[in-house]
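The sequence shown begins at 1 in the numbering used here and counts up one residue at a time.
These notes are about the structure you will find just below.
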Amino acid sequence: TSACSNSQFFCQNKHSLPKMIPSNQVNDGLCDCCDGSDEISGCENTCEKDNVQYRTKLEKAWRIVEIANARILKNQKSWIKDLFEFQRQASGLAVQISRVEKMQK
């Protein structure tokens, strides 16, 4: 543990995400690094298990993004279809207005 309160300890966490922890958390009896490298007494290496959990959460989040994108695309196609229909109707109304104006002259 460093005497400097601002120093950081690097957790390599092989097979998981590396991270930095405050140096005052090194050898404090709590395993902050999944590889246990922050504790001299050693800790169970949970990096692979943590990585599986992280990947599972990431895959769920990705599926949610894909579903949202599919819904947006579906709605976008519907909106474009509606826009073309409105433009067609507006064009037809413009022709009718023009005819009425000509008849009034």
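Quick reminder that beta carbons are idealized off the backbone N, C-alpha and C, glycines included.
Closest to ASN6 by CA distance: which of LYS14, GLN25, ASN13 is it? One-based indexing of the sequence shown puts residue 6 at position 6. The option with the nearest alpha carbon to ASN6 is GLN25.
Can you pull the DSSP bridge partners for PHE9? Position 9 of the sequence shown, counted from the start, is the residue given in the question as residue 9. Beta-bridge pairing links PHE9 to ILE21.
Beta-carbon proximity check, SER16 vs CYS47, cutoff 7 Å: By 1-based counting over the sequence shown, the position of residue 16 is 16. By 1-based counting over the sequence shown, the position of residue 47 is 47. Against a cut-off of 7 Å, the Cβ pair of CYS47 and SER16 comes out as a contact.
Given ASN45, which residues of its chain have a CB within under 8 Å of its CB, disregarding the five upstream and five downstream residues? Sequence index remark: in the sequence shown, residue 45 carries index 45 (1-based). Same-chain partners within the cutoff: CYS34, ASP35, GLY36.
Suppose contacts are defined by Cβ-Cβ distances below 7 Å. Is MET20 in contact with GLN8 by that definition? Locating residue 20 in the sequence shown gives position 20, counting from the first residue. Locating residue 8 in the sequence shown gives position 8, counting from the first residue. Yes, these two residues count as a Cβ contact at 7 Å.
Could you give the DSSP three-state label for THR46: helix, strand or coil? Along the sequence shown, one-based indexing puts residue 46 at 46. If DSSP states are grouped into helix, strand and coil, THR46 belongs with coil.
ASP28, buried or exposed, once every other Cβ within 10 Å from all chains shown has been counted against 16: By 1-based counting over the sequence shown, the position of residue 28 is 28. When all chains shown are included, ASP28 counts as exposed.
Indicate the three-state DSSP secondary structure (helix, strand or coil) for LEU30 in the structure shown. For the purposes of this step, residue 30 is taken as residue 30 along the sequence shown, with counting starting at 1. Coil, per DSSP.
With a 10 Å radius around its C-beta and 16 neighbouring C-beta atoms as the bar for buried, classify ASP82 as buried or exposed. Locating residue 82 in the sequence shown gives position 82, counting from the first residue. That one is exposed.
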